Amino acid sequence: MAKVVIEGHRFDTKKAKIRFDLQYFDGNNSHTGKLYCSSTGVWYVYTPSQWSNQHAWEVIDPTEALERYDRYLTDEHKEKIAALAGLEWE
Numbered sequence: 000m001a002k003v004v005i006e007g008h009r010f011d012t013k014k015a016k017i018r019f020d021l022q023y024f025d026g027n028n029s030h031t032g033k034l035y036c037s038s039t040g041v042w043y044v045y046t047p048s049q050w051s052n053q054h055a056w057e058v059i060d061p062t063e064a065l066e067r068y069d070r071y072l073t074d075e076h077k078e079k080i081a082a083l084a085g086l087e088w089e
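Last residue of the sequence shown: number 89 in my numbering, and the count goes up by one each step with no gaps.
Here it is in C-alpha cells:
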C-alpha cells in the first residue's frame with residue numbers, strides 16, 4: 000500500500016505514525032486488515048475481502064476501532080490507541 004484517498008482525505012500508509020495488523024480467526028475463517036493513524040492523528044482502516052471489488056478503506060473513530068476490532072488487537076495495542084486518542088481504556 001502507499002497512497003489512498005478515503006472520504007476526500009489523502010493518506011500515505013508509509014507515513015502513518017501507527018500501523019497495526021488486524022488478525023482474527025473465528026474458528027472457520029481468518030479475518031485480516033490494517034489499522035492506521037496518520038501523521039495528523041486521523042485513524043483509518045483497511046479491510047480486505049476475497050472478492051476483488053469488496054476491499055474497503057474507511058476513516059474510523061478510535062473509540063469505534065477499539066470496539067469493532069477488540070478481538071483483533073492485543074491489550075498493548077488497545078492501550079496505545081487509547082493513549083494516542085486521549086481515551087481511557089481498561
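Positions of the beta carbon are idealized from the N, C-alpha and C atoms, including for glycine. A quick note: this is a predicted structure, and the numbers were derived from the prediction, not measured.
Around residue 2, the same chain offers 11 as residues with beta carbons nearer than 6 Å, after the five sequence neighbours per side are excluded. For the pair residue 47 and residue 40, the Cα-to-Cα distance works out to about 23 Å.
Collapsing the DSSP output to three states places residue 23 in a strand. Annotation: residue 86 is outside any alpha helix (DSSP H) and is labelled neither H nor E by DSSP. Beyond the five residues adjoining it in sequence on each side, residue 76 comes within less than 8 Å, by CB distance, of 19 in the same chain, given in chain order.
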